[in-house]
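Visitor: Below is a structure I'd like to ask you about.
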Amino acid sequence: MSQKTFGQALNDALTIAMEIDENVFIAGEGVGVSIHQDPNMATHGLLKKFGRKRVKDTPVSEAAIAGLAVGASCMGLRPVVEIMFFPFITLASDMLVNHAGKLGYMSGGKSSFPLTVRVKAGVGFGAGSQHSHNLESWIAHSPGLKIVWPATPEDAKGLLLTAIFDPDPVIVVEDMMLYRMSGEVPAGDIRTPLGKARMVTSGTDCTIVAYGVALYTVMKAFKPLSEQGISCEVIDLRSLVPLDKACILDSVRKTGRLVVVHEANRFCGFGAELAAMVAEEAFEALKGPVKRVGAPQIPVPTAPTHEKIFKPGPEDVVLAVRETMKK
Amino acid sequence: MSQKTFGQALNDALTIAMEIDENVFIAGEGVGVSIHQDPNMATHGLLKKFGRKRVKDTPVSEAAIAGLAVGASCMGLRPVVEIMFFPFITLASDMLVNHAGKLGYMSGGKSSFPLTVRVKAGVGFGAGSQHSHNLESWIAHSPGLKIVWPATPEDAKGLLLTAIFDPDPVIVVEDMMLYRMSGEVPAGDIRTPLGKARMVTSGTDCTIVAYGVALYTVMKAFKPLSEQGISCEVIDLRSLVPLDKACILDSVRKTGRLVVVHEANRFCGFGAELAAMVAEEAFEALKGPVKRVGAPQIPVPTAPTHEKIFKPGPEDVVLAVRETMKK
Amino acid sequence: MKENQIVPDLQIRLYTSMILTRKFEEKIVALSQEPYRMPGMQILANGQEAVATGIVSALELEDVIISNHRSHGHLLARGADLNSLMAEIMVKDKGVNGGKAGTLHLSVPDLNVLMTSTVVGAGPPLAMGAAFAQQYKRAKGITVVFFGDGAAAEGSVHEAMNLAGVWKLPLLFVCENNCWAGAQRSEEHCAAQHIFQRAKGYDMPGQSVDGNDVEAVYNLALELVEYCRSGKGPALMEALTYRMRGHGEQDQQHYVDPGELAIWEAKCPIRLYRQKLLNDGVLNQAQIQTIDQDAETRVSAAVAFGDDSSYPGPETALTDVFVQPPSA
Amino acid sequence: MKENQIVPDLQIRLYTSMILTRKFEEKIVALSQEPYRMPGMQILANGQEAVATGIVSALELEDVIISNHRSHGHLLARGADLNSLMAEIMVKDKGVNGGKAGTLHLSVPDLNVLMTSTVVGAGPPLAMGAAFAQQYKRAKGITVVFFGDGAAAEGSVHEAMNLAGVWKLPLLFVCENNCWAGAQRSEEHCAAQHIFQRAKGYDMPGQSVDGNDVEAVYNLALELVEYCRSGKGPALMEALTYRMRGHGEQDQQHYVDPGELAIWEAKCPIRLYRQKLLNDGVLNQAQIQTIDQDAETRVSAAVAFGDDSSYPGPETALTDVFVQPPSA
Ligand SMILES: Cc1ncc(C[n+]2csc(CCOP(=O)(O)OP(=O)(O)O)c2C)c(N)n1
Ligand SMILES: Cc1ncc(C[n+]2csc(CCOP(=O)(O)OP(=O)(O)O)c2C)c(N)n1
Ligand SMILES: [Mg+2]
Ligand SMILES: [Mg+2]
């Protein structure tokens, strides 16, 4: 165990993966030489350690980067490619959705695509909507793709390692706002299983599900809620696909209430799936309306005053919990 | 009024739009000269009528086709472009999501993008998952884009005309399986308002919401359900964004139950949004679990035996309604 | 190693491969006319056999092939099993992909026909990834990707060519320029007269060839494959040919000038080559007949094999989405 | 009409435009060092002023400009109002886009600076659409799109060039090759030595120019703009220059050879041009000083204007998503 930032934990995972498997390589725009000289960047120092053969700076060609991963993984390599920011997933989406997610199925199980795509997510660095746009629900809606979203340094390492050695295509979302967060990280080759959520707090009145940086928004709401005598069960989802349905359903069957929190647009966001699933499969347990906390249906704004409107805050979580408790 | 197929109704709409506004042009792969010589194709005969200036066959370049629409619409034209099949929307998605949907917002309202994208959807022609993949929830999740989905020849005409003259980007989804369906279509320049759902049948026990070809699957379930004494209120959504929330919520407040039906994958599909919305905003009215009928989380298969598993049938609708009635 | 001279033995193999493809696809034409025999869209390479045969014959088995919607010739030239191929095209469970690919997404990884994408233009970036893997593993093989003149307009093709050029990947880009993309002529989708002219922009050799002359195709392929194999980087080959049966079997070619079709009919790669082999005394009429007959026999057997198998069972619809599915 | 000869009056305008851009961006550098003054990423064109000034000066106001993340020079050369530009960069409500664009997405449609996209490579297809509209309306204007050497690797750029070539659109592609894309050198993202070499593949003229020589840029731009305006089709111009302050203000350029920076520092387009105008007697020291001083004054006023306005009110966060929002 040692104290590491989220970014260092990712870096650790990449280092270990490359050490233990010759077939792992990384590629992307600036994964080798970066404009940042920052040990909290996931790929920091890897070029020096592993050389130009295995750490590939690419042209600004997102479709080709994804195509590289699909083609190389089908040949038995384990590519770990980076798409710099989430909105640029659009440019790679044909390769990911129509190819990585479907070709294995259509081969009748003859081919597999053990690739990993790292992508940076997050709101709040003032670059506006072409650099910030969380699209996890797109990926989750696409059959054949897995998607995980770590919230802690330990999970950053464990989920990335599991993703790299998973036989299927996995998208690993990295919240930019978390890179500098510190936490305990076990040494060595640790694997966080896909499809297992983490119970952060247990409680009796309301289940709150979140992932990534939104988890900390939830935790900030936790105290005021406790003070109001509301006992929340907070679940860190970790893996969106596969989804730990049992964990969520069991919790809601206990608490009778669900609040989902994410930074993506609420409309048709991943929270809709969770809310719908619960309203479908644990309806008899529900004591109040399911509630979704997420962004209004606007592009990610640029101005600080507007970002505040966009980004769900602890007060929104408190409000949502109180509303579902009212009924 | 006259009898027209769905395809002819679309063709009618395009003809009228081009006649009344010089700024309307159409572009896409084979919108001028097509391999099909079929009056049920939306663009049939338009090249002959309007000439090469306004009917533009393009290279196979989906990003450029969408870029053409974004750039030209910002200059005051009203482009109506076609993306041949829904899975190819991936290739146009950066232009649509990051540009058409966001640039107006980021201009501070100085620019507008009155463009229309026609896209063919549908399952059941045996071409497999690279030609069939309904992605309406992607579009609906993206701020700044509208999306409509006609189910009848009349709406095909009315919604397409409204879309073309709407000041915002609108995606018009055309179900391939409906092109040959006939119905009454009013003559002249008719407009179906965006954001107004259509009540197909009124009923008291269960609200069923569907759009496009799925509506007919619902109608096939209607009779057996009636025979079982279950009175359903069927809503044809017509427009996903803007969404006629009031219509759905009012109906559910009356019936106490909701079943959503679409052909897209159920997981994170548009039905999740509807189910979540109802569980959130009409919870107190719900007498049974919300139910979603949609495709399992697999790519659209090729074999007829597999397509049957994928495509929701009337029996699935009956089952869903009965399940929510049980509780 | 491949012959780098055109010897009779090779000539007979080239002819045999082309005629097999032709007979195979003619059977598909016939079956497509019967209701429900051939689900999906049938897209045939009739008239383009010399490209597939010429190029694939110049490859080693370790070389990887990435195909597109017009794939039958590529697979047959590689020696794919006719039975399981036909069964797959009929979407049957004994098909090479268990009835999950159909005619449009055939893949035979055992024979290094790694994948087929029908997203136009998607082949090149996939092939770039495969060629990268070969370079990474210091393998001897190269990758060949087939795409059309229409596909050449897709951005993905540019990205792949550029990246292959920067990284000097062992990748042969083969553009089958058959004058059409759907109902659009090359001039409508390609700004320059020739697609091979783009090669200079990626610092790779680019050449065109008469795609209906199987030996010319073979010879140029040998040269460019050797170039790629030697580690010098990618190359671009444009084969000029013609799509005789239109875009697909539903296409009535109402927009095609019959005169143009007749001209290309006269340039039929198989007819020309048959005549040449007869003239040169490589084969006589009887031998040709035997070869043709044999092809027909094999094709008929393949159809029987396909007929004998069933549509895949409903339960298999849900498998193969993941190698490691979520534990329920 | 633009001067097609370099006359003193024009020379003074060219110098004035460049120095204004430089002073404007130097002020942004200074403000970026103060906490919270400049939200977002500041990406500057320091060192590339001759490209923006040279090209935009060769345009008519009816010509449309599509810009990218390194946009300030393009806007200032077009004559955009400094106050509302600076306010927008400070993300304030008196900004030209009401504080919704920030530095990265500036647009001034009144001046035909139609849009700015920071999705690398997105400009060319957007510009293709704008140029199509000009052709469609038989307008006199052409469209000019600025993109980087890095952007040239994106598929969208290829699609736009090809389509513009097929349709012969009045579109000038300007590649500002500043040797870098992020921390990658051109050789790492461009297979060919020069990006203009791709022009042949799209049947359009392609030429390169010393991007630090404002008159050379202006002259070549005039020629190519005239070509596009005359209806002959698109053209590609590559301007060779250098990005003096790294990718953005956070970039410490640890990966850049200081020797190379020094070489380019010596080739500073403004310094060179100032010297030339002094040598040629077009301007004397005092006149230069007045111009420089005037630029500084205008920039300071712009900052004051920006400081004087506020972050946009929260309520405006929800507007402008649709022109016609759903009736609630
Ligand atoms: C991305 C994408 N766009 C459109 C299509 C529909 N489509 C299938 S084949 C084809 C024409 C392709 O022409 P070309 O590349 O020349 O190949 P050919 O059919 O001539 O062999 C088109 C447009 C597709 N499959 N994928
Ligand atoms: C599609 C996309 N990919 C990646 C980025 C991140 N990015 C911003 S600028 C840049 C480099 C662009 O280089 P170039 O086009 O040469 O322009 P320059 O910065 O040199 O002016 C990159 C990779 C982006 N904005 N968009
Ligand atoms: Mg073709
Ligand atoms: Mg650059």
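Residue numbers (our numbering), protein chains in the order written: chain A, 2 to 328; chain B, 2 to 328; chain C, 13 to 340; chain D, 13 to 340. Think of the CB as a built atom: it goes at the ideal place given N, C-alpha and C, for glycine as much as any other residue.
Of the choices B:327, B:148, B:84, whose alpha-carbon is the least far from that of residue 287 of chain B?
Guide: Here residue 287 of chain B corresponds to residue number 286 of the second sequence, with the count starting at 1. When each option's Cα is compared against that of residue 287 of chain B, the closest is B:327.
Visitor: Straight-line CA distance for residue 113 of chain A to residue 66 of chain D?
Guide: Here residue 113 of chain A refers to the residue found at position 112 of the first sequence. Here residue 66 of chain D refers to the residue found at position 54 of the fourth sequence. Going from the Cα of residue 113 of chain A to the Cα of residue 66 of chain D covers about 53 angstroms.
Visitor: Is it the case that the region 65-77 of chain A contacts the region 135-143 of chain C, given that we only count it when at least three CB pairs across the two stretches are under 8 angstroms?
Guide: Taking one beta carbon from each stretch, the region 135-143 of chain C and the region 65-77 of chain A have 3 or more pairs nearer than 8 angstroms; the two touch.
Visitor: If you follow the alpha helix (DSSP H) that residue 117 of chain A is part of, which residue opens it and which one closes it?
Guide: Start at 1 with the first residue of the first sequence, and residue 117 of chain A comes out as number 116. First-last for residue 117 of chain A: 117-122, but that is the beta strand (DSSP E), not the alpha helix (DSSP H).
Visitor: For residue 150 of chain A, which of helix, strand or coil comes out of DSSP?
Guide: To locate residue 150 of chain A, count along the first sequence from 1; it is residue 149. Coil at residue 150 of chain A, not helix or strand.
Visitor: If we define contact as Cβ-Cβ less than 7 angstroms, is residue 166 of chain D a contact residue for chain A?
Guide: For the purposes of this step, residue 166 of chain D is taken as the residue at position 154 of the fourth sequence. With 7 angstroms as the cut-off, residue 166 of chain D counts as an interface residue toward chain A.
Visitor: Taking three-plus beta-carbon pairs below 8 angstroms as touching, is the region 97-110 of chain A in contact with the region 133-147 of chain A?
Guide: In short, these stretches touch, since the Cβ pair count reaches three.
Visitor: What does residue 119 of chain D reach in chain B if we use C-beta pairs closer than 8 angstroms?
Guide: Here residue 119 of chain D refers to the residue found at position 107 when the fourth sequence is read from its first residue. Those within 8 angstroms of residue 119 of chain D in chain B are 104, 107, 108, 111, 112.
Visitor: Here's the rule: buried if 16 or more other CB atoms are within 10 angstroms of the residue's CB, otherwise exposed. What is residue 48 of chain C?
Guide: Residue 48 of chain C sits at position 36 when you count from the first residue of the third sequence. It is exposed - the Cβ of residue 48 of chain C has fewer than 16 other Cβ atoms within 10 Å.
Visitor: Residues near ligand 3, CB to any non-hydrogen atom under 6 angstroms, in chain order?
Guide: C:160, C:161, C:162, C:190, C:192, C:193
Visitor: Quick check for students: name the residue ranges of the beta strand (DSSP E) that lie wholly in the region 25-108 of chain A, counting only runs of 3 or more.
Guide: Qualifying beta strand (DSSP E) stretches, in chain order: 25-29, 56-58, 79-86.
Visitor: First and last residue of the alpha helix (DSSP H) that includes residue 44 of chain C?
Guide: Working through the third sequence from its first residue, we reach residue 44 of chain C at position 32. Start and end: 20-44.
Visitor: According to DSSP, what are the bridge partners of residue 193 of chain D?
Guide: Against the fourth sequence, residue 193 of chain D aligns to sequence position 181. The partner list for residue 193 of chain D (beta bridge, DSSP) reads D:196.
Visitor: By alpha-carbon positions, which one of B:170, B:130, B:225 ends up nearest to residue 78 of chain B?
Guide: Locating residue 78 of chain B in the second sequence gives position 77, where the first residue counts as 1. Nearest C-alpha to residue 78 of chain B: B:170.
Visitor: Going by DSSP in three states, residue 179 of chain A sits in which element: helix, strand or coil?
Guide: Counting from 1 along the first sequence, the entry for residue 179 of chain A is found at position 178. Secondary structure of residue 179 of chain A (DSSP, three-state): helix.
Visitor: Going by DSSP, which residues form a beta bridge with residue 188 of chain D?
Guide: On the fourth sequence, residue 188 of chain D is found 176 positions in, with the first residue counted as 1. The partner list for residue 188 of chain D (beta bridge, DSSP) reads D:160, D:251.
Visitor: Within 6 angstroms: the Cβ of residue 89 of chain B and any heavy atom of ligand 1?
Guide: Here the question's residue 89 of chain B lines up with position 88 in the second sequence. Yes, Cβ of residue 89 of chain B sits closer than 6 angstroms to a heavy atom of ligand 1.
Visitor: Given a cut-off of 7 angstroms on the beta-carbon distance, is the pair residue 159 of chain D and residue 95 of chain D in contact?
Guide: Translated into positions along the fourth sequence, residue 159 of chain D becomes position 147. Translated into positions along the fourth sequence, residue 95 of chain D becomes position 83. No, these two residues do not count as a Cβ contact at 7 angstroms.
Visitor: Taking just the CA atoms, how far does residue 337 of chain D sit from residue 127 of chain B?
Guide: Indexing the second sequence from 1 puts residue 127 of chain B at position 126. Indexing the fourth sequence from 1 puts residue 337 of chain D at position 325. If I take the Cα positions, the gap works out to 39 angstroms.
Visitor: Can you give me the C-alpha to C-alpha distance between residue 125 of chain D and residue 178 of chain C, rounded to a whole angstrom?
Guide: As a position in the fourth sequence, residue 125 of chain D is number 113, starting the count at 1. As a position in the third sequence, residue 178 of chain C is number 166, starting the count at 1. Straight through space, the alpha carbons of residue 178 of chain C and residue 125 of chain D are spaced by roughly 34 angstroms.
Visitor: Given a limit of 8 angstroms on CB to CB distance, which residues of the region 67-81 of chain A reach chain C?
Guide: 67, 68, 69, 70, 71, 72, 73, 74, 75, 76, 77, 78, 80
Visitor: If you follow the beta strand (DSSP E) that residue 236 of chain A is part of, which residue opens it and which one closes it?
Guide: As a working note, residue 236 of chain A is residue 235 in the first sequence. Taken as a continuous stretch (DSSP letters only), the beta strand (DSSP E) holding residue 236 of chain A covers 233-237.
Visitor: Reducing DSSP to helix, strand and coil, say where residue 21 of chain A ends up.
Guide: Indexing the first sequence from 1 puts residue 21 of chain A at position 20. Helix.
Visitor: Using a threshold of 6 angstroms, is the CB atom of residue 85 of chain B nearer than that to any non-hydrogen atom of ligand 1?
Guide: Residue 85 of chain B sits at position 84 when you count from the first residue of the second sequence. Residue 85 of chain B has its Cβ nearer than 6 angstroms to a heavy atom of ligand 1.
Visitor: Does any CB atom of chain A fall closer than 7 angstroms to the CB of residue 147 of chain C?
Guide: In the third sequence, residue 147 of chain C corresponds to position 135, counting from 1. With 7 angstroms as the cut-off, residue 147 of chain C does not count as an interface residue toward chain A.
Visitor: Have a look at residue 195 of chain D and residue 286 of chain D and give me their C-alpha separation to the nearest angstrom.
Guide: Here the question's residue 195 of chain D lines up with position 183 in the fourth sequence. Here the question's residue 286 of chain D lines up with position 274 in the fourth sequence. One C-alpha to the other measures close to 31 angstroms.
Visitor: What separation, rounded to the nearest whole angstrom, lies between the Cα atoms of residue 116 of chain D and residue 199 of chain B?
Guide: Within the fourth sequence, residue 116 of chain D is the residue found at index 104, counting from 1. Within the second sequence, residue 199 of chain B is the residue found at index 198, counting from 1. Approximately 42 angstroms, taken between the alpha carbons.
Visitor: In the structure shown, what three-state DSSP assignment does residue 303 of chain B receive?
Guide: Mapped onto the second sequence, residue 303 of chain B falls at position 302. Residue 303 of chain B falls in the coil class under three-state DSSP.
Visitor: Check this for me: beta carbons of residue 41 of chain A and residue 217 of chain A, under 7 angstroms apart or not?
Guide: Here the question's residue 41 of chain A lines up with position 40 in the first sequence. Here the question's residue 217 of chain A lines up with position 216 in the first sequence. Their beta carbons are not under 7 angstroms apart, which means residue 41 of chain A does not touch residue 217 of chain A by this criterion.
Visitor: Quick check: what's the CA-CA separation for residue 321 of chain B versus residue 209 of chain B?
Guide: On the second sequence, position 320 is the one that residue 321 of chain B refers to. On the second sequence, position 208 is the one that residue 209 of chain B refers to. About 10 angstroms.
Visitor: Should residue 143 of chain B be flagged as near chain D, meaning a C-beta pair shorter than 7 angstroms?
Guide: Within the second sequence, residue 143 of chain B is the residue found at index 142, counting from 1. Contact of residue 143 of chain B with chain D is not assigned, every C-beta pair being separated by 7 angstroms or more.
Visitor: Do residue 98 of chain C and residue 318 of chain C count as a contact pair if the criterion is CB distance below 7 angstroms?
Guide: Here residue 318 of chain C refers to the residue found at position 306 of the third sequence. Here residue 98 of chain C refers to the residue found at position 86 of the third sequence. Yes. Within cutoff.
Visitor: Quick check on residue 275 of chain D: buried or exposed, where buried means 16 or more other Cβ atoms within 10 Å of its Cβ?
Guide: By 1-based counting over the fourth sequence, the position of residue 275 of chain D is 263. The residue in question, residue 275 of chain D, is exposed, as its Cβ has fewer than 16 Cβ neighbours within 10 Å.
Visitor: Rounded to whole angstroms, how far is the Cβ of residue 165 of chain D from the Cβ of residue 60 of chain A, which I believe are closer than 8 angstroms?
Guide: Against the fourth sequence, residue 165 of chain D aligns to sequence position 153. Against the first sequence, residue 60 of chain A aligns to sequence position 59. The pair is a contact, with the Cβ atoms about 4 angstroms apart (cut-off 8 angstroms).
Visitor: I'd like to check one pair, residue 144 of chain C with residue 181 of chain C: are the Cβ atoms closer than 7 angstroms?
Guide: In the third sequence, the residue the question calls residue 181 of chain C occupies position 169. In the third sequence, the residue the question calls residue 144 of chain C occupies position 132. Cβ distance < 7 angstroms, so residue 181 of chain C and residue 144 of chain C count as in contact.
Visitor: Return no unless some Cβ of chain C is closer than 7 angstroms to the Cβ of residue 174 of chain D.
Guide: Taking the fourth sequence and counting its residues from 1, the one referred to as residue 174 of chain D is at position 162. Yes, its Cβ sits closer than 7 angstroms to a Cβ of chain C.
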